[in-house]
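Residue numbers (mature numbering (1 follows the signal peptide of the UniProt record, and there is no 0)): -19 to -1, 1 to 355.
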């Protein structure tokens, strides 16, 4: 309790100049309506500096973009006419241990062919950059067909090809991003972190939804500890926070001035799972509009020390973010000298229904406006 109070006081007393975010990025999961309920017609083109669109893959020895991604091309062109500063980045997704992908990046001719195909596709379809994502860890193939050094060589080859293309054509260089969405422990296993930072323009450290299936004393996780969107650790042994992961990654060779902090602002829903009413079980992840609807029906809202709210109504518990807590997330970026903010899914907000009574995208808009302030 004393640690929690001290954390709250420290956050309240910080008065240093925060500065302005250089970048504000949002992610549209266009490849699947199940992955993102947001459509291009829902999006305010002045809401984000960059929009990442998912995704492209390496399939049958080719750079393949899903049809739903291709369907966004005409909208991208219109959006850029409406906001000339808006930039689009294509998400290139692959798995650790995927055999064909491994064969490609360890074979110079195949690697070169793919990279040229990527550059041509980005230029032809109006993209301004590429965001590479390598899935690893729970639920992915064990890395039998993976080489940490060769993957770094692949990134170096992309960097060199992009720079050479810009030099030859006189066009602005395509931007290169890398996602870090693994725990620091897995990250060191799969990535040469200093080399990744050397070859990429920016690296997105994607904050997890620190999701536990069960929350309760019998599982060693109390209500405050269980919050899925925490920035800060509650004690030195607490490894379920964004700040913990960021510090570990920086120690591995990360560079603050090239780091974008990613946030998952989805709400996590739990229900009582024991007769003693002290054990909750998670049962769904949903957007902010559903939270506002639940709050309007009753219950109480409380906050953990850093300000993130949770709602309890009878047997139900919801962890979420609101307009107050997302400001602390932007302050974290500004206070620590990171480049900017990345929102992992546009559909996490109240993007259409207006249940929160504050227009479309109230959370993301709050973050964007505060990010833009000097």
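Where is the CB? At the ideal position from N, CA and C, for every residue including glycine.
- Beyond the five residues adjoining it in sequence on each side, residue 177 comes within less than 6 Å, by CB distance, of 159 in the same chain, given in chain order.
- Nearest C-alpha to residue 85 among 95, 114 and 66: 95.
- With a minimum length of 4 residues, there is no unbroken run of alpha helix (DSSP H) contained wholly in the region 274 to 301.
- For residue 115, the closest alpha carbon among the candidates 152, 143, 170 and 154 is that of 170.
- Secondary structure at residue 189: coil, using DSSP grouped into helix, strand and coil.
- Distance from the CA of residue 278 to the CA of residue 292, rounded to the nearest whole angstrom, comes to 11 Å.
- Cβ contact annotation for residue 315 (same chain, cutoff 7 Å, sequence separation greater than five): -2, -1 and 2, in chain order.
- Secondary structure remark: continuous alpha helix (DSSP H) runs of at least 4 residues inside the region 104 to 152, in chain order: 129 to 150.
- Taking the Cα positions, residue 202 is about 50 Å away from residue 153.
- Counting along the chain, no beta strand (DSSP E) covers residue 174; the unbroken alpha helix (DSSP H) around it starts and ends at 174 to 180.
- Measuring C-alpha to C-alpha distances from residue 32 to each of 38, 18 and 53 identifies 53 as the nearest.
- Residue 215 sits in coil when the DSSP states are folded into three classes, being neither helix nor strand.
- If you draw a straight line from the Cα of residue 27 to the Cα of residue 309, it comes to about 22 Å.
- As the crow flies, the alpha-carbon of residue 23 is around 7 Å from that of residue 332.
- Residue 105 counts as exposed, since fewer than 16 other beta carbons sit within 10 angstroms of its beta carbon.
- Here residue 268 carries a coil assignment [DSSP, helix/strand/coil].
- Beyond the five residues adjoining it in sequence on each side, residue 57 comes within less than 7 Å, by CB distance, of 69 and 107 in the same chain, given in chain order.
- Shortest Cα-Cα distance from residue 266 to any of 260, 258 and 252 involves 252.
- Straight-line measurement puts the Cα of residue 80 at about 16 Å from the Cα of residue 89.
- In this structure, the beta-carbon distance from residue 271 to residue 248 falls below 9 Å.
- Assigned with DSSP and collapsed to three states, residue 262 falls in strand.
- Listed as beta-bridge partners of residue 43 by DSSP are 40.
- Listed in chain order, the alpha helix (DSSP H) elements of length 4 or more contained wholly in the region 35 to 97 are 48 to 51, 54 to 63 and 80 to 87.
- Burial is judged here by how many other beta carbons sit within 10 angstroms of a residue's own beta carbon; residue 264 has fewer than 16 and is exposed.
- Using a C-beta cut-off of 8 Å, the region 225 to 241 makes no contact with the region 295 to 312, since fewer than three inter-stretch Cβ pairs fall below that distance.
- With a beta-carbon spacing of about 6 Å, residue 111 and residue 73 fall inside the 8 Å limit used to define contacts.
- If you look at residue 247, you'll find it isn't in any alpha helix (DSSP H); DSSP assigns it neither H nor E.
- In the same chain as residue 113, and ignoring 5 residues on each side of it, the C-beta atoms closer than 6 Å to its own belong to 73 and 159, in chain order.
- Counting along the chain, residue 314 sits inside the alpha helix (DSSP H) bounded by residues 306 to 316.
- Out of 37, 25, 174 and 184, the CA that lies nearest to the CA of residue 10 is found in 37.
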